[in-house]
Amino acid sequence: MKVLLINGSPNEHGCTYTALILIARELNARGIETEITWLGNDAVRGCIGCGGCKKFGKCVFGDDRVNAIGEKCKGADGYVFGAPVHYASPNGAMICAMDRLFMAFGQHMKFKPAACIVSARRAGTTASYDVLNKYLGINNMITVPSSYWNMVHGSRPEDVIKDEEGVSIMRGIGSNLAWLLKVLDSVKGTPLEKPEVIPKAKTNFIR
Ligand SMILES: Cc1cc2nc3c(=O)[nH]c(=O)nc-3n(C[C@H](O)[C@H](O)[C@H](O)COP(=O)(O)O)c2cc1C
1224 MKVLLINGSP NEHGCTYTAL ILIARELNAR GIETEITWLG NDAVRGCIGC GGCKKFGKCV
1284 FGDDRVNAIG EKCKGADGYV FGAPVHYASP NGAMICAMDR LFMAFGQHMK FKPAACIVSA
1344 RRAGTTASYD VLNKYLGINN MITVPSSYWN MVHGSRPEDV IKDEEGVSIM RGIGSNLAWL
1404 LKVLDSVKGT PLEKPEVIPK AKTNFIR
C-alpha cells in the first residue's frame, strides 16, 4: 500500500515538507510505502474550465507538474495534501493545482482516504484547512483526522519540530491513515470494498 504526499509549498524542504516527513515516518513504521512529491516553484496555471480533461484524461496544460502528480495519484491508495498558509489561504499555486488535479484526476482518488495539512507562522490555519478539505468532500474521499485540526506552526523547518503539539498531530495522521488503509485492505475483494454509488443529481437552482 502506498501513500502519496503532495508538498504544495514553493519551498521544497520547508515547513510543509517537514510536516509531511513526520507523517511519512509513521506510515513507514507501519509498513506503508510513501512518496513525497513537490509541486515546484514555477508558475502553475489555474483551471480555465475548458472540459479538455474530460476528453483527454489529463489537463490540457502540460507545462507544470499537475499532470505528473495526477499520474502518481492513480497508483496511490491514500494521499496527504500539504500547503503553507499565504494570506490566510492555502498558497495560490496549490489552489490552482488542486482545482486542476481534482477536475482531471479526481475519479482515481474517490473512495480513498486522504488528509490535508497546513503550515503557518501564526494564523489562517483553520480557514486554509477548510479550503483543502473541501476538495475531498466533493470527491467521495475519506477524510483522515488527528487529535486537533491538521496544522503545524513555524517559519523554518526547525520551528515545526519545536511545535510539539503540531508534531503529535502529524504523527497521529500517519497512524490513523495507516490504520484506515489496513482496514480498507482487509475488505478488498468483498462487497464491502466500495460503497453503493448514489448517482449525483446536479442542479443549479436557476429557473
Ligand atoms: C506570501 C506569504 C504569505 C503568508 N501569509 C501567512 C499568513 O497569512 N499567516 C501565517 O501565519 N503565515 C503566513 N506566511 C508564513 C508561512 O505560512 C509559514 O512560514 C509556513 O510555515 C511556510 O511553509 P513552507 O516553508 O512550507 O513554505 C506567509 C508566507 C508567505 C511567503
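Numbering (the working numbering), first residue to last: 1224 to 1430.
Even glycine gets a Cβ: it sits at the ideal position worked out from N, Cα and C.
Pairwise C-alpha distance: residue j and residue i
i: residue 1399; j: residue 1366; result: 10 Å
i: residue 1232; j: residue 1355; result: 13 Å
i: residue 1303; j: residue 1239; result: 11 Å
i: residue 1348; j: residue 1393; result: 14 Å
i: residue 1385; j: residue 1341; result: 16 Å
i: residue 1344; j: residue 1377; result: 4 Å
i: residue 1422; j: residue 1363; result: 12 Å
i: residue 1305; j: residue 1320; result: 12 Å
i: residue 1274; j: residue 1336; result: 26 Å
Contact belief for residue i with residue j at Cβ below 8 Å, rounded distance in angstroms
i: residue 1242; j: residue 1383; result: 6 Å
i: residue 1251; j: residue 1260; result: Wrong, their Cβ atoms sit about 16 Å apart, outside the cutoff.
i: residue 1227; j: residue 1278; result: Residue 1227 to residue 1278, Cβ: 25 Å. No contact.
Helix, strand or coil at residue i [DSSP, three-state]
i: residue 1299; result: coil
i: residue 1236; result: coil
i: residue 1257; result: strand
i: residue 1306; result: strand
i: residue 1230; result: strand
i: residue 1410; result: coil
i: residue 1292; result: helix
i: residue 1393; result: helix
i: residue 1332; result: coil
Quiz item: When the Cβ atoms of the segment 1278 to 1294 are set against those of the segment 1317 to 1330, are three or more pairs found closer than 8 Å?
Solution: yes
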